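Residue numbers (the numbering used here), protein chains in the order written: chain A, 715 to 911; chain B, 715 to 911. Here the structure is laid out as structure tokens; the discussion comes afterwards.
Number of protein chains: 2
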Amino acid sequence: MTSRDEQRQKSRAEILRVAAEEFDRRGYAAVAMSEVAASAGLTKGSVYFHFTSKAELAQAVVETYFAQWRLLRQEVEERELTGLDAIRWMSLNVAEAYKNDPGVRAPLRLMREAEAIGVELPTPFVGWIEAVREHLQEAQDSGDLHGDLSVDAAAWQLVAAFFGAQEMSHQLTGCADLTVRIDELWHVVLPGLSVRS
Amino acid sequence: MTSRDEQRQKSRAEILRVAAEEFDRRGYAAVAMSEVAASAGLTKGSVYFHFTSKAELAQAVVETYFAQWRLLRQEVEERELTGLDAIRWMSLNVAEAYKNDPGVRAPLRLMREAEAIGVELPTPFVGWIEAVREHLQEAQDSGDLHGDLSVDAAAWQLVAAFFGAQEMSHQLTGCADLTVRIDELWHVVLPGLSVRS
């Protein structure tokens, strides 16, 4: 890679970082491309070199987020985590990321505002529901779950409970208590899921 | 009450109904007072007679919502519902209202957008957490809950799980499956709460 390519990649990453911060704080409609350029210390032309429109920039912010979760799921495999341990580990990692990283919070806001953006964005939640369902199936196959539990229903509800805790902690405490709340979530729901709790 | 008073009250209610629909669908920033007037079949002057600004209108939409929940809580008392029965009954009623009534969905969106509105809005969730906590306490006093369950933690988590299910159902199915999901929520969490399940 030439040093010009490197410089371009660095600029692109910086634009994405700054755009996520702005979208997270103020929402899609309120953010201007010129503000993103100014915050990134770049010219507006340089921002448009990488992203031809604000909608395309928003799309890239969302894609970066999905790429990050693919890495997290890889790490679950590398650590050989399965079943409820895998779900718990993922939930604490996602909570930590959501708390500290606007790049994780912004996409959720953007997906909620998708109508105003007018471009195709991935559907939120469904990837998580599928991942949680797979690990719940592992737990069921190992005899860890109560016999009458529906894996499909429990997966949907776990993702919803996690997402609700994340949102409530965000709105009530600016995420200050999020890690504690996700830990607490497990205390409350685990006896309903697992025969070993 | 004179017929002019009656007419004014009717206009006010109609403005609130229409404003909730618009705020729910498009968010605070996108809605103009003139559009609210047009949808309500009133002049802009008539809307401003009732609400001196868009922010005041948004505030009134949120207040109407809180008044509605005070009525729901009164109904719980009149029906003499207590403990887990009370919480379950409330959750199904709130889900039904959220599914069918923009007047219930709009305030949640407005409270999330409070920063852009620039007026004091009530904090979401805290009233529900307190109501659920009271009923969980009744359940605990009657020996219905597992001994080691923290009533404070469970109240927070139940409200979060409900809210998460509501949001996910909204975003994934336009609330089509909300009632089923809230029913399912109880199947998943009840064994973790109650000794009788």
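Heads up, the beta-carbon is just placed ideally off N, CA and C, and yes, glycines get one too. Treat the numbers as computed from the prediction; the structure is a model and nothing was measured.
Does residue i come within less than 9 Å of chain B when only Cβ atoms are used?
i	result
residue 849 of chain A	no
residue 741 of chain A	yes
residue 860 of chain A	yes
residue 819 of chain A	no
residue 826 of chain A	yes
residue 767 of chain A	no
residue 835 of chain A	no
residue 863 of chain A	yes
residue 853 of chain A	no
Starting from the beta carbon of residue i, find every residue of chain B whose beta carbon is closer than 9 Å, and list them in chain order.
i	result
residue 871 of chain A	875, 878, 879, 895, 898, 899, 901, 902 and 903
residue 838 of chain A	882, 885 and 886
Does residue i pass the burial test, meaning 16 or more other C-beta atoms within 10 Å, or should it be called exposed?
i	result
residue 849 of chain B	buried
residue 780 of chain A	exposed
residue 856 of chain A	exposed
residue 724 of chain B	exposed
residue 926 of chain B	Since the first residue of chain B shown is 715 and the last is 911, residue 926 of chain B is not available in this structure.
residue 912 of chain B	In this structure chain B extends from 715 to 911, so residue 912 of chain B is not present and cannot be described.
residue 738 of chain B	buried
residue 845 of chain B	buried
residue 750 of chain B	buried
Cα-Cα, which of the options is closest to residue i?
i	options	result
residue 825 of chain A	A/814, A/812, A/765 and A/839	A/839
residue 741 of chain A	A/854, A/775, A/845 and A/875	A/775
residue 810 of chain B	B/767, B/884 and B/734	B/884
residue 841 of chain B	B/752, B/819, B/869 and B/901	B/869
residue 853 of chain B	B/795, B/808, B/894 and B/877	B/795
residue 831 of chain B	B/751, B/872 and B/768	B/768
residue 847 of chain A	A/797, A/875 and A/750	A/797
residue 782 of chain A	A/901, A/792, A/764 and A/808	A/808
residue 851 of chain B	B/815, B/888, B/889 and B/799	B/799
residue 843 of chain A	B/762, B/882, B/716 and B/837	B/882
residue 770 of chain B	B/784, B/720, B/828 and B/791	B/828
Closer than 9 Å, CB to CB, is residue i near chain A or not?
i	result
residue 744 of chain B	yes
residue 888 of chain B	no
residue 747 of chain B	no
residue 868 of chain B	yes
residue 806 of chain B	no
residue 830 of chain B	yes
Please confirm whether residue i and residue j have their CB atoms less than 9 Å apart.
i	j	result
residue 817 of chain B	residue 722 of chain B	no
residue 728 of chain A	residue 759 of chain A	no
residue 773 of chain A	residue 833 of chain A	yes
residue 860 of chain B	residue 821 of chain A	no
residue 899 of chain B	residue 876 of chain B	yes
residue 858 of chain A	residue 910 of chain A	yes
residue 896 of chain B	residue 786 of chain B	no
residue 819 of chain A	residue 734 of chain A	yes
residue 878 of chain B	residue 752 of chain A	no
residue 801 of chain B	residue 886 of chain B	no
residue 893 of chain B	residue 813 of chain B	yes
residue 901 of chain B	residue 746 of chain A	no
residue 726 of chain B	residue 764 of chain B	yes
residue 789 of chain A	residue 836 of chain A	no
residue 903 of chain A	residue 903 of chain B	yes
Please list the partners that residue i has in chain A, where partner means a Cβ-to-Cβ separation under 8 Å.
i	result
residue 906 of chain B	902, 903, 904, 905, 906 and 907
Let me check you understand the geometry: is the CB of residue i closer than 8 Å to at least one non-hydrogen atom of the ligand ZN?
i	result
residue 776 of chain B	Looking for the ligand ZN in the displayed structure turns up nothing, as the structure carries no ligands at all.
Quick one: does residue i have its CB under 9 Å from some CB of chain E?
i	result
residue 910 of chain A	Absence of chain E from the displayed structure is noted, the protein chains being A and B.
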